[in-house]
Amino acid sequence: MNAEHDNSGSTVTTTVLGADEIILNMGPQHPSTHGVLRVKLKLDGERVVGSECIIGYLHRGVEKIAEHRSYQQFAPYVDRMDYVAAVSNGLGYCEAVEKLLGAEAPPRARVVRTILTELQRIASHLVWLGTHALDIGALTPVFYCFREREEILKIFEKYCGARLTTHSFRIGGLQYETYDGFEQDVKRFCEDFAQKIDEYETLLTENRIWVGRTKGVGILSAEDAIALGVTGPVLRASGRKWDIRKAFPYAAYDQYDFEIPTGPAGDTYDRYLVRMEEMRQSRRICLQAIENIPSGPIMAKVGKVLKPPPGEVYHSIEAPKGELGYYIVSDGTTQPYRVRVRPPSFINLQAFDRMARGALVADVVAIIGTIDIVLGEVDR
Amino acid sequence: MIPAILQAIRPFIIPVVCGVVIVGVFPLMAGYIVLLERKVMADMQARLGPMRVGPHGLLQPLADAFKLMLKEDIIPAHADWFLFWVAPVMSVTMALLAFAALPIGPAFQIADINVGILFILAVSSLGIYGIVLGGWASNSHYSLLGALRSAAQLVSYETAAGLGLISGLLYAGSLSMKDIVQAQSDRGVWFIFAVPVGFFIYFVGSIAETNRAPFDLPEAESELVAGYMTEYSGFRWALYFLAEYANMVVVAAIATTLFLGGWLRPFPGYHQTLPGTSIELLDALPSILFLVVALYSLKLTPRQPVKIQKIVMLLVAGGCALLALVMAAALFAPDPVKIGIHGAFWFLAKVGGYVYAFLWVRFTFPRYRFDQLMRLGWRFLIPLALVNVIVVGSGMIVQENWGWRHPLLSAIVTTLIMLGVAVFLAYDDEKHQATVQAAGGE
Amino acid sequence: MTVDKILFAFFAVLAVASAVLMVTRRNIVHSAVFLITTLLATAGIFLELQAEFLFVVQVILYVGGIMVLFVFVIMLVNLDVSLHMLQFNRQRFVAAALGLALGAQVFFALWVGGHSLRLPSGASLQLPPKNSEAIGDALFRHYMLPFEIASILLLVAMIGAVVMAKRKV
Amino acid sequence: MVPLEAYLLLSLALLTVGVVGVLIRRNVIIMLMSIELILNAVNINLMAFSRAWGNVYGQIFAIFIITDAAAEAAVGLGIILAFFRNRETVLADEMDLLKW
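Chains as they are written, first to last, in this note's numbering: chain A, 1 to 380; chain B, 381 to 822; chain C, 823 to 991; chain D, 992 to 1091.
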């Protein structure tokens, strides 16, 4: 079953195994690997004794493409990495290039960017919650989640015409002014959303089966998480209060008041609680921001042709899944010399083996879900 | 010669006709149970469900059936073709065989076997072979894992569900399906009120036995793709599907017969008559219900966008009106006919309610993990069921010897005792789990 | 009464044929399936003998319990290896001859001495109609001690099986 | 009415097949299944006699035999599993040492 199609140069041997150990291939076509991830599991009965993630089925050479596009031309490509959080990707890239240029977006643009990014965070977490619950067997939350996500996507659509891969930001600020009624839409959404989160929580948080399936599953200690470079909600659930929004504030985050939730145990249940609380905090940020959007220009003066001075820059933001960093080297021409992306999903996926060892097959599904990977970002 | 043969086959005519009706009608009915499931699911998930084929998706089952029949029939390479072929047939045969002893109303029963309920349990316990052999014959890890899980799960939960049934059977004092209903009529109480804990155990056990969520591990989509059905497609897959829904109806029918009063009308002591007639209000309820549905369909008819949909909707309205007419006419028919038709209505209504509870549970709860499922079965349900049998038995003795005439009195006492036992078991299980986790797994 | 005979013949032929297939099949799973068929045919014969309760016990316990255990174990031990090996052992001809000789001997004994056994004709007596009640009566009135002993046997077997199958005792 | 001899003959046939199965197969699981076949043959006898005598005592004995078969299957399969774990074989003629 697994020997003949092994075209990935993997290191797991499929030689003679003991009577109890079998190798199970999950994916790349599997309902709960969230795309084209392939996981090779070494099983002792139903218990995982080893695992290997085999990636690259969605590799498109995004970083290489960057070397043959101008800075503006490359911006839409980054949306295709983490396609459930395209706005965040765009923000990271635009700010990195702005840093390289020495420019800064005007205040109004920064506030609008913050609002849209936080909405995107909520949308991304909603996708995570729905699919995660579906993996664990709860059929209903996914529809509730997508119902609310739809509202967010509608706001995006009204703002820039696109729903999924929005390309809503430009280097130096925004392309579009906010539409009439933008504030009302966001406000209405945020006000309704508080009650919606409670609705999800009544379905899951206290549910014995849900707690049984997630508590104590896929434990990742803070030390391990840091050693593996894990960031985002996964790290915070392990108890470290690390959030780029607080540590190196970007956009307009320094103006707003919000909490960074952390979890005590670093298990799947804590990651669930952390993400739920993050949605509440995102809502809070949106509500604060929408109260007071400064007026003024939305675009800094960066010129039509971007020619950053030679040099290099690393800029990272807190994407919904963790630290999303862009490392850009300029050789003074209109095209970047090298772009390297630090995708949170890719790094977080490294922790999978640590979490899955000793778990049961059913837990593997929960663990893949709880890392919250998007294969477009892992493979790039 | 011919009269002799006629004489010989005469006792078989009615059962054979009933059997043919069930085998012929049930697959269609299963299709509509699927439609119902999808509609209920859609309702709970804030969406519409199938709307395309026919008005409100009413022709969807037929479309699905045609699609499944036209699909390519794939037998995987290196599969054991004989068992691969035979397994789904086995599954569906055993599931439909159980219908032989189900009393759908006092008049409509293929055979009143004096070990009826055991017969149904026996036959439905054979359905496991369809799953296990199918999973093995597919020659796939997912299928085999699903099959093994299924075998372990069915064996465990059959025990619990069986013990749950026994507590009800203690009250019934018979294994014949007809006598069980009769006993409830005589005692004047449905056994769900006499042994609520037994009913609860059977409910959980029957969900697990039919592989429905939250116990649908053998076909857990997110883990094992589709479990034992992974390699099946087209019509064979449809057979498995049919077997699953048939099993669902069978367990619902057992529960209805033993715990929910079978074909008996609710509130037998309530005798409010309709003004100006001698017809009882509750007896007239079915026809009123069908009439309302018919009128509602009629109201929806002009709103259908396509002509063919209008026609189908009109047919639905006509069908419901016809049923209402039949139910109403039965009120004036001689007693056996009246009880037969109305009994069938109440029986099917109760089965429908039980199945609805299944669906409700399915869309509300996440899925158990395998070890949790086993723990729930062996550490909670089976001990609870064992204690329940003893407590209910003792309660009956006490009731008979001490002269507690009212059946509900001992029911209340035994239920309170059982609740205490359940709390204790849950507490003990949690403590055990804590020590296991403290010891670091295993 | 012809229905009786037809049923008996059908089940008997089914039982013997699948028993033979069970012994001769190469694949263990097929063997198990044929044994299941034999057991079901036997259950049919029980039904034909008006022993409904034993019919149900046979189906629930034998087919639904014991054979599930067999199938389960067959699937746990891997089968591909033994499939290609020699299926019968070296003394197979002698053994088969001896087995058949035993059968022939008993048959001969029946043939010769069957009339002197004074077996009841069967048609004369009827079983009590309520089969399960009669069995319960007999079991708990006259055979209480054997019943308890059987339960202890089961307990012992259960403990034995757990100890055997456990990895670390 | 089916004569009693017919049941005895059927039982004899199953017994013979079972005995031959135990003797000629190498696979322990099939040997165990053949033993089940023999027990089953006994059951048919008992049931036939019970019917012939018109009482249920034969059926009681059949119940005990089924109990016995269950116990035997559980322990036997337990041994086979334990053995398979040690030696990775289920063939009877490879079980030729007292200790591994």
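Every residue gets a Cβ at the ideal spot worked out from N, C-alpha and C, and that includes glycine.
Residue-level contact to chain A via CB, B:P594, 8 Å cutoff: Stepping through the second sequence from its first residue, residue 594 of chain B is reached at position 214. Interface residue, yes.
Report the start-end ranges of each alpha helix (DSSP H) in the region 243 to 304 of chain A that is 4 residues or longer and not cut off at the edges. 244 to 247 and 268 to 291
Buried or exposed: which applies to A:R149, given that a residue is buried once 16 or more other Cβ atoms fall within 10 Å of its Cβ? As a position in the first sequence, residue 149 of chain A is number 149, starting the count at 1. Counting Cβ neighbours within 10 Å, A:R149 comes out buried, since at least 16 surround it.
Quick one: list the residues of chain C neighbouring B:N591, beta-carbon separation under 8 Å, in chain order. On the second sequence, residue 591 of chain B is found 211 positions in, with the first residue counted as 1. Per Cβ cutoff of 8 Å: no residues; B:N591 is ~15 Å from chain C at best.
When the Cα atoms are used, what is the spatial distance from C:F894 to B:L528? Taking the third sequence and counting its residues from 1, the one referred to as residue 894 of chain C is at position 72. Taking the second sequence and counting its residues from 1, the one referred to as residue 528 of chain B is at position 148. So the alpha carbons of these two residues sit roughly 7 Å apart.
Within 10 angstroms of its Cβ, does C:V991 collect 16 or more other Cβ (buried), or is it exposed? Against the third sequence, residue 991 of chain C aligns to sequence position 169. Per-residue confidence for C:V991 stands at a pLDDT of 49, beneath the threshold of 50, marking its modelled position as unreliable; no derived number is given.
Quick one: is C:V799 near chain B, going by C-beta distance under 8 Å? Since the first and last residues shown for chain C are 823 and 991, residue 799 of chain C lies out of range.
Would you say C:L862 reaches chain D, if we count a Cβ-Cβ gap shorter than 8 Å as a contact? In the third sequence, the residue the question calls residue 862 of chain C occupies position 40. Answer no: the Cβ-Cβ gap between C:L862 and chain D never drops below 8 Å.
Select from A:V211, A:G56 and A:Q350 the residue whose C-alpha is nearest the C-alpha of A:L273. As a working mapping, residue 273 of chain A is identified with position 273 in the first sequence. Comparing Cα-Cα distances from A:L273 to each of A:V211, A:G56 and A:Q350, the minimum goes to A:V211.
DSSP three-state assignment for A:R338, whether helix, strand or coil: Taking the first sequence and counting its residues from 1, the one referred to as residue 338 of chain A is at position 338. Three-state DSSP puts A:R338 in a strand.
Closest by C-alpha distance to A:G311, when choosing among A:T333, A:V305 and A:V302: Walking along the first sequence from the start, residue 311 of chain A turns up at place 311. Looking at the Cα atoms, A:T333 is the closest of the given residues.
Fully enclosed by the region 56 to 131 of chain A, which alpha helix (DSSP H) runs are 4 residues long or longer? 62 to 66, 71 to 79 and 86 to 101
Have a look at B:H458 and B:H521 and give me their C-alpha separation to the nearest angstrom. As a position in the second sequence, residue 458 of chain B is number 78, starting the count at 1. As a position in the second sequence, residue 521 of chain B is number 141, starting the count at 1. Distance between the alpha carbons of B:H458 and B:H521 is about 13 Å.
What does C:V838 touch in chain D if you count any residue whose Cβ is under 8 Å from its own? Position 16 of the third sequence, counted from the first residue, corresponds to residue 838 of chain C. Ordered by position in chain D, the residues that pass the 8 Å Cβ test against C:V838 are L1001, A1004, L1005 and V1008.
Does any CB atom of chain A fall closer than 8 Å to the CB of B:P682? As a working note, residue 682 of chain B is residue 302 in the second sequence. Judged by the 8 Å Cβ criterion, B:P682 is not in contact with chain A.
To the nearest whole angstrom, what separates the beta carbons of D:A1039 and C:L871, a pair I think is in contact under 8 Å? Reading the fourth sequence from its first residue, position 48 is the one you call residue 1039 of chain D. Reading the third sequence from its first residue, position 49 is the one you call residue 871 of chain C. The Cβ separation is near 7 Å, so the contact holds.
From the beta carbon of B:P456, is the nearest beta carbon of chain A less than 8 Å away? The residue you call residue 456 of chain B lines up with position 76 of the second sequence. Closer than 8 Å: no.
Nearest CA to the CA of B:F488: which residue from B:V433, B:S556 and B:P395? Numbered from 1 along the second sequence, position 108 holds the residue referred to as residue 488 of chain B. Here the closest residue by C-alpha is B:P395.
Between the region 414 to 443 of chain B and chain A, which residues of the former have a C-beta closer than 8 Å to a C-beta of the latter? M421, M424, Q425, A426 and R427
So with Cβ pairs under 8 Å, would you call B:R759 a contact of chain A? Against the second sequence, residue 759 of chain B aligns to sequence position 379. With 8 Å as the cut-off, B:R759 does not count as an interface residue toward chain A.
Assign A:T231 to one of two classes, buried (16 or more other C-beta atoms within 10 Å of its C-beta) or exposed (fewer than that). As a position in the first sequence, residue 231 of chain A is number 231, starting the count at 1. Buried, by the Cβ-count rule.
May I ask which residues mark the beginning and end of the beta strand (DSSP E) holding B:N768? Locating residue 768 of chain B in the second sequence gives position 388, counting from the first residue. Taken as a continuous stretch (DSSP letters only), B:N768 belongs to no beta strand (DSSP E), being part of the alpha helix (DSSP H) at I762 to W782.
Check whether the Cβ atoms of A:Y253 and A:T166 lie closer than 8 Å to each other. Mapped onto the first sequence, residue 253 of chain A falls at position 253. Mapped onto the first sequence, residue 166 of chain A falls at position 166. It is not a contact, given that the beta carbons lie outside the stated cut-off.
Give the secondary structure of A:D44 by DSSP, where H, G and I count as helix, E and B as strand, and everything else as coil. Your numbering for residue 44 of chain A matches position 44 in the first sequence. Correct three-state label for A:D44: strand.
Exposed or buried, what is B:P576 when buried is set at 16 or more other beta-carbons lying within 10 Å of its beta-carbon? Start at 1 with the first residue of the second sequence, and residue 576 of chain B comes out as number 196. Result: buried.
Proximal residues to A:Y256 (C-beta, below 7 Å), its chain only, five neighbours per side dropped: Numbered from 1 along the first sequence, position 256 holds the residue referred to as residue 256 of chain A. The answer, listed in chain order, is I285, Q288 and A289.
Output, in chain order, the set of chain C residues within a Cβ distance shorter than 7 Å of D:I1026. Indexing the fourth sequence from 1 puts residue 1026 of chain D at position 35. Per Cβ cutoff of 7 Å: no residues; D:I1026 is ~11 Å from chain C at best.
Which runs of the alpha helix (DSSP H), 4 residues or longer, sit entirely within the region 512 to 578 of chain B? 521 to 552, 557 to 567 and 571 to 574
So is C:G982 in contact with chain D if we call contact Cβ pairs under 8 Å? In the third sequence, counting from the first residue as 1, residue 982 of chain C sits at position 160. Cβ-Cβ to chain D under 8 Å: yes for C:G982.
Express the C-alpha separation of A:A366 and A:V374 in angstroms, rounding to a whole number. For the purposes of this step, residue 374 of chain A is identified with residue 374 of the first sequence, where counting begins at 1. For the purposes of this step, residue 366 of chain A is identified with residue 366 of the first sequence, where counting begins at 1. Looking at the two C-alpha atoms, the distance is approximately 15 Å.
Let me confirm a value: B:N781 is counted as buried when at least 16 other C-beta atoms fall within 10 Å, else exposed. Which label applies? Taking the first residue of the second sequence as position 1, residue 781 of chain B is located at position 401. Looking at its Cβ environment, which holds fewer than 16 other Cβ atoms inside 10 Å, B:N781 is exposed.
Neighbourhood of B:Q565 by C-beta, 7 Å cutoff - its chain only, sequence neighbours within 5 removed: As a working mapping, residue 565 of chain B is identified with position 185 in the second sequence. The question names Gln, but residue 565 of chain B is Ser in the sequence shown. Answer for B:S565: L644, listed in chain order.
Scan the region 483 to 503 of chain B for residues whose Cβ lies nearer than 9 Å to a Cβ of chain C and list them as they occur along the chain. I493, N494, V495, L498, F499, L501, A502 and V503
Same chain, Cβ closer than 6 Å to B:R592, five either side skipped, listed in chain order: As a working mapping, residue 592 of chain B is identified with position 212 in the second sequence. Same-chain partners within the cutoff: F738 and R742.
Contact list for the region 879 to 891 of chain C against chain B, Cβ threshold 7 Å: V881, I882, V885, G886 and V890
Is there contact between the region 982 to 989 of chain C and the region 1027 to 1045 of chain D, where contact requires at least three CB pairs shorter than 8 Å? no
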